[in-house]
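Numbering (the numbering used here), first residue to last: 33 to 372.
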Ligand code: DAH
């Protein structure tokens with residue numbers, strides 16, 4: 033067998049391989065499923081043990097030399113295969129296209145909306161280019177409120193009354209103007225703020241707004257609804273707390289925290305050592321807002337809330353940099369394969 037292998041080595045190294053087709057035939061003859069290499073392996077297994085060392089080395093050499101010959105022909109480039117000018121075989125079937133994924137923001141938005149729909153809320157949307165009334169004045173923002181400032185808001189140059197909405201609360205105003213209570217709405221959308229892009233802030237992000245107006249709606253209704261939401265989204269044991277806050281369009285106003293825990297170093301860092309994390313703002317709709325939209329504030333009351341989709345998505349998936357959502361890097365997005 034030793035002499036046979038040495039002869040084959042010589043044969044392989046002098047063989048004429050004019051083109052890719054010949055190389056492929058050569059590959060099949062030697063390395064294919066029924067190729068000569070297979071027979072040699074069988075013979076090798078049957079060879080006496082004391083010869084195996086030397087034979088194994090020769091076999092490896094032969095295999096390496098075969099592969100090298102094939103490689104040297106197929107990597108020669110243009111004009112070799114005859115099927116395409118690039119040297120690639122254009123008649124080969126293409127590899128399958130990867131299946132796309134749902135964007136993590138879509139997954140979370142869908143889930144949040146689903147929870148509120150099951151509680152009887154109906155989806156509504158409004159325009160991204162708004163006017164001052166629907167974004168600020170109709171929501172009881174004082175004339176000199178800093179949110180109106182050029183630094184926060186993108187205004188349309190030709191008409192400073194037009195701007196990109198800075199929050200989805202604008203959709204509340206449109207709905208209250210157009211419909212009679214009772215109304216129970218969930219309003220997702222894109223919002224814009226003139227902020228420098230960083231790991232924690234972006235000039236474009238997503239919010240989901242809620243609004244419920246009827247006779248006799250109370251703060252207790254608000255709290256129970258939000259508790260149910262938090263437990264559906266974060267798990268049945270989730271605890272929430274309401275901290276007094278201020279928004280021009282609600283009175284009283286609150287911010288809602290969920291208890292996140294303090295077990296790991298990450299927990300301590302993201303909760304600033306408190307264990308609690310803020311997830312949304314809310315409150316009872318200010319009577320001024322109801323009246324401005326033509327709703328009788330002596331007859332009706334209501335609550336509203338608003339949350340940032342990026343923020344909640346970052347919590348759910350432990351994503352540290354907001355910019356990842358907008359870069360469309362497939363390595364990031366592919367991690368959400370199968371999520372719906
Ligand atoms: N619009 C607020 C913001 O962008 C969020 C918000 C707070 C919405 C309280 C509400 C609310 O409806 O009641 O920060």
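Using N, Cα and C, we set each Cβ at its ideal position, and we do this for glycine too.
Exposure of residue i, with buried meaning 16 or more beta-carbon neighbours within 10 Å
i, result
"residue 32", "Coverage of the chain is limited to positions 33 through 372, which leaves residue 32 absent and any answer about it impossible."
"residue 335", "buried"
"residue 218", "buried"
"residue 198", "buried"
"residue 185", "buried"
"residue 245", "buried"
"residue 372", "exposed"
"residue 123", "exposed"
"residue 85", "exposed"
"residue 272", "buried"
"residue 131", "exposed"
"residue 114", "Reliability of the predicted coordinates at residue 114 is poor, the pLDDT of 48 falling under 50, and the value obtained from them is presented with this limitation in mind. Per the 10 Å Cβ criterion, exposed."
"residue 149", "exposed"
"residue 250", "exposed"
"residue 282", "buried"
Reduced DSSP category for residue i - H, G, I as helix; E, B as strand; rest coil
i, result
"residue 201", "helix"
"residue 228", "coil"
"residue 187", "strand"
"residue 241", "strand"
"residue 35", "helix"
"residue 169", "helix"
"residue 162", "strand"
"residue 307", "coil"
"residue 339", "strand"
"residue 138", "helix"
"residue 330", "coil"
"residue 250", "coil"
"residue 145", "helix"
"residue 104", "helix"
"residue 325", "coil"
"residue 355", "helix"
"residue 349", "helix"
"residue 78", "helix"
"residue 285", "strand"
"residue 90", "helix"
"residue 312", "strand"
Cα-Cα separation between residue i and residue j, rounded to whole angstroms
i, j, result
"residue 64", "residue 46", "20 Å"
"residue 107", "residue 57", "16 Å"
"residue 355", "residue 339", "18 Å"
"residue 299", "residue 349", "13 Å"
"residue 154", "residue 333", "18 Å"
"residue 366", "residue 353", "17 Å"
"residue 287", "residue 278", "9 Å"
"residue 90", "residue 37", "7 Å"
"residue 161", "residue 206", "13 Å"
"residue 128", "residue 220", "35 Å"
"residue 51", "residue 73", "28 Å"
Beta carbon proximity, residue i to chain B, threshold 8 Å
i, result
"residue 61", "Reference to chain B is not applicable here, since this structure consists of a single protein chain."
Requested in this report: Report yes or no: do the region 340 to 351 and the region 189 to 206 share at least 3 C-beta pairs separated by less than 8 Å?
Outcome: no
Report task. Name all residues in chain order for which at least one heavy atom of ligand 1 lies closer than 6 Å to the residue's CB. Result -> 199, 201, 241, 279, 282, 313, 314, 315, 336, 337, 338
Query raised in the report: Is the region 306 to 315 in contact with the region 255 to 275, if contact means three or more CB pairs nearer than 8 Å?
Result: yes
Report task. Could you tell me whether the region 198 to 210 touches the region 164 to 171, where touching means 3 or more Cβ pairs closer than 8 Å? Result -> yes
Report task. Could you say if the region 131 to 141 and the region 278 to 298 meet the contact criterion of at least three C-beta pairs nearer than 8 Å? Result -> no
Requested in this report: Count the CB pairs spanning the region 85 to 101 and the region 37 to 44 that are closer than 8 Å, and state whether there are at least three.
Outcome: yes
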